[in-house]
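Chemist: Attaching a single structure in structure tokens format; questions to follow.
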Amino acid sequence: MSTAPGSRDPLQMFAALLQLEKLVLDAETLVETRYVIANATRTLSPFVQSILFSDAGNKRLRVSCVSNVSDVDRASPYVAWAERLAAHLIATNADSGLRVIEPDQLTPTLRRDWAEFASACLLWIPLFARGQQRRGALLLSRETSWTPQELALLTHLATIYGHALDRHHRQTLAWRSAWRPALLSTLTIAVVAGISIIPIRLSVVAPAEIVARDAFVVAAPIDGVVRQLHVVPNQPVQPDALLAELESGDLKGVQDVAAKALEVSQAELRRSQQASFLDPARKADLALLQAQVDLRLRELQLAQTRLSKTQMRAERSGVVVVDDPQLWRGRPVRVGERILSIADPARIEVTILVPVKDAVALEPGNEVRLFLDTDPLNSLRGTVRYVVYESTLAGEWPAYKVTAQLDATPSIPRIGLRGTARIYGDQTTVFYYLFRRPITVARQWVGW
818 MSTAPGSRDP LQMFAALLQL EKLVLDAETL VETRYVIANA TRTLSPFVQS
868 ILFSDAGNKR LRVSCVSNVS DVDRASPYVA WAERLAAHLI ATNADSGLRV
918 IEPDQLTPTL RRDWAEFASA CLLWIPLFAR GQQRRGALLL SRETSWTPQE
968 LALLTHLATI YGHALDRHHR QTLAWRSAWR PALLSTLTIA VVAGISIIPI
1018 RLSVVAPAEI VARDAFVVAA PIDGVVRQLH VVPNQPVQPD ALLAELESGD
1068 LKGVQDVAAK ALEVSQAELR RSQQASFLDP ARKADLALLQ AQVDLRLREL
1118 QLAQTRLSKT QMRAERSGVV VVDDPQLWRG RPVRVGERIL SIADPARIEV
1168 TILVPVKDAV ALEPGNEVRL FLDTDPLNSL RGTVRYVVYE STLAGEWPAY
1218 KVTAQLDATP SIPRIGLRGT ARIYGDQTTV FYYLFRRPIT VARQWVGW
């Protein structure tokens, strides 16, 4: 069980202070110094989490080290909250000295996020060098408050930390001033010149998927509601196999009504034909009645045809490509709406979605290398079949659709597998390959 912060022996705390002073002054690099400050301070004053800020100029502080973490994730909400907290303390002149942060000193947003990102008690320790030059700050977080003895020792320790950081700051300035600008310019020109003569092929990396080539699309033949799909994804089917079925209750009712209407028309025609033998004047109605019978027959045939279309059957063999069949149950569809497709597993191609911002000059015949997620160490080779130069929205970014054909391979990849494809373009230089994107961004900003 750990000892409570307030019950530690004063001699032990003083010894810890001396040990910390030795550690931070013996640190040879700025990285080592930051690590000691962010992690070893707990030997003097235990904490749950500590954050070390470095001076970023213009009265700004930047998180440079977090206890128990090797690298600082600049995109994490925790780091963003800590830097907003530091900016608030500087803006309100609350960082002039060591102080315990109280909730009423913060904005409502900072107070709300406090419970999520830190413990109940926060201690702000500014780190100054000579002449009150800020070299950073240390933020400690724990569940219990700090004792007066701890605060006194931490105040002294802050001075030591500030001088240690200032030493490395001065060393950095000295190193930069010693570097000869002329030599740097010469080396830069030499490197750029050397890069400019190295040939390399332009390439672009984009997400890819194995899809069926010339798949047979099964679409809704009429407007209706899907009653049931009789197949599952990747199920082999043969011609005339039942694939899907639409609700047929209304159409059966229409067929029954049409059949009854036909029977009535046929009965009236027979009655008039029999009566015409006794009354020749009745023969004038026979043509009209016959036309009504023909009309009712056509209506019955149309109802039967529409009813037969509620059952969709396979017109060729292959495997079924469809989403979750359960999601189709009870779903309304319009005539021509795609429900599923039947693909030949041996006839495949690759669909590649190249982001517009990364696109290079692509032409049919360009080399393609496909790395499937199921086998990332081996690549499949192929060539570009065609490129759709009208961009479509792929996820959150616009992209060009590129279709590629794979070379012959002993094992044909399964339809639906995903991976990453690299498409190779024309020859260029390493300089253009590396700076193509920055040049594009510069043109967008400058406008030339």
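Our numbering numbers the first residue of the sequence shown as 818 and each following residue consecutively. Where a beta carbon is used, it is the ideal one built from N, C-alpha and C, also for glycine.
#1: Can you list, in chain order, the stretches of the beta strand (DSSP E) that have 3 or more residues and sit fully within the segment 892-928?
#2: Does the beta-carbon distance from S867 to S884 come in below 8 Å?
#3: Can you tell me where the beta strand (DSSP E) with V1110 in it begins and where it stops?
#4: Assuming I1027 and P1230 are in contact, meaning their beta carbons sit under 8 Å apart, how far apart are those beta carbons, in whole angstroms?
#5: Considering only DSSP beta bridges, list what S867 is partnered with.
#6: Starting from W1145 and walking both ways along the beta strand (DSSP E), at which residues does that stretch end?
#7: Check A821 in the structure and name its three-state DSSP category.
#8: With distances taken Cα to Cα, identify the nearest neighbour of Y815 among R1148, D1192 and R952.
#9: Tell me, please, which residues DSSP counts as bridged to A1029.
#10: For the beta strand (DSSP E) that R1186 lies in, which residues bound it at each end?
#11: Specify, as a first and last residue, the run of the beta strand (DSSP E) that D1073 falls within.
#12: Quick check: V1034 and R1146, are their CB atoms within less than 8 Å of each other?
#13: Run through DSSP, which three-state label would G1267 get?
#14: With Q829 as the anchor, note down where its alpha helix (DSSP H) starts and where it stops.
#15: In its own chain, which residues sit with a C-beta less than 8 Å from the C-beta of Q1090, not counting the 5 before and 5 after it?
#16: Using alpha carbons as the reference points, say which of L1086, I1017, W931 and S871 lies closest to Q950.
#17: Provide the residue span of the beta strand (DSSP E) that contains L847, from first to last.
#18: With 16 other CB atoms within 10 Å as the buried threshold, where does G1041 fall?
#19: Could you check the C-alpha separation between Q836 and L968 for me, to the nearest Å?
#20: Which whole-angstrom value describes the C-beta separation of A1131 and Q1045, a residue pair presumed to lie in contact below a C-beta threshold of 8 Å?
#21: Over the uninterrupted beta strand (DSSP E) stretch that includes L1059, give me the two end residues.
#22: Below 8 Å, can you find three or more Cβ-Cβ pairs linking the segment 1071-1080 to the segment 1106-1115?
#23: Identify the residues that DSSP records as bridge partners of A1216: which are they?
#24: Quick one: residues in its chain with C-beta nearer than 7 Å to the C-beta of T820, no 5 flanking neighbours on either side, listed in chain order?
#25: For E1166, which option in R1148, D1192, L1157 and R1198 has the closest C-alpha, if you only look at C-alpha atoms?
#26: Put P1255 into one of helix, strand or coil per three-state DSSP.
#27: Tell me the rounded alpha-carbon separation between E1207 and Y1217.
#28: If we ignore side chains and look at the alpha-carbon of each, how far apart do K876 and L944 end up?
#29: Start and end of the beta strand (DSSP E) containing G1233?
#30: Do L1189 and G1242 have their beta-carbon atoms positioned less than 8 Å apart in this structure?
#31: Give the straight-line distance between the Cα atoms of A1210 and L1059, rounded to the nearest whole angstrom.
#32: For a test of the three-state rule: what should DSSP assign to Q1128, helix, strand or coil?
#33: Measuring alpha carbon to alpha carbon, tell me which of D826, A833 and S881 ends up nearest Y852.
#34: Which two residues bound the contiguous beta strand (DSSP E) that contains R1155?
#35: Considering only C-alpha positions, which residue in the set A935, I1006 and D1031 is nearest to D1161?
#36: To which residues of the same chain is L869 closer than 7 Å at the C-beta, ignoring the five residues directly before and after it?
Modeler: Taking the coordinates as given:
#1: Entirely contained in the segment 892-928, the beta strand (DSSP E) runs reaching 3 residues are, in chain order, 916-918.
#2: yes
#3: Per DSSP, V1110 lies in no beta strand (DSSP E); the unbroken alpha helix (DSSP H) holding it starts and ends at L1103 to S1125.
#4: 5 Å
#5: L957
#6: Note, W1145: premise wrong, no beta strand (DSSP E); alpha helix (DSSP H) at P1142 to W1145.
#7: Bear in mind that the predicted position of A821 carries a pLDDT of just 47, short of 50, making it unreliable; the figure below should be weighed with that in mind. Looking at A821 - three-state DSSP - the assignment turns out to be coil, as it is neither helix nor strand.
#8: Residue 815 lies beyond the residue range present for the chain, which begins at 818 and ends at 1265; the question has no answer from this structure.
#9: I1165
#10: First-last of the beta strand (DSSP E) with R1186: E1184 to L1189.
#11: Taken as a continuous stretch (DSSP letters only), D1073 belongs to no beta strand (DSSP E), being part of the alpha helix (DSSP H) at G1066 to A1092.
#12: Not in contact: V1034 and R1146 (Cβ atoms no closer than 8 Å).
#13: The chain is shown from 818 up to 1265; residue 1267 falls before or after that span and cannot be answered.
#14: P827 to D843
#15: L1103
#16: S871
#17: Segment L847 to Y852 is the alpha helix (DSSP H) holding L847; no beta strand (DSSP E) there.
#18: buried
#19: 17 Å
#20: With a Cβ gap of about 16 Å, A1131 and Q1045 do not count as contacting.
#21: L1059 to L1063
#22: yes
#23: Bridge partners of A1216 according to DSSP: P1172 and T1209.
#24: Summary for T820: the model assigns pLDDT 40, below 50, so the residue's position carries little reliability, and this model does not support an answer.
#25: R1198
#26: P1255 falls in the helix class under three-state DSSP.
#27: Cα to Cα, E1207 sits roughly 7 Å from Y1217.
#28: 13 Å
#29: Annotation: G1233 is outside any beta strand (DSSP E) and is labelled neither H nor E by DSSP.
#30: no
#31: In the sequence as presented, Ala is not what sits at residue 1210; that position holds Leu. The straight-line gap from Cα to Cα measures roughly 35 Å.
#32: In the displayed model, Q1128 falls within a strand according to three-state DSSP.
#33: S881
#34: R1155 to A1160
#35: From the listed residues A935, I1006 and D1031, the smallest Cα separation to D1161 is found for D1031.
#36: R851, I854, A855, S881, C882, G953 and L955
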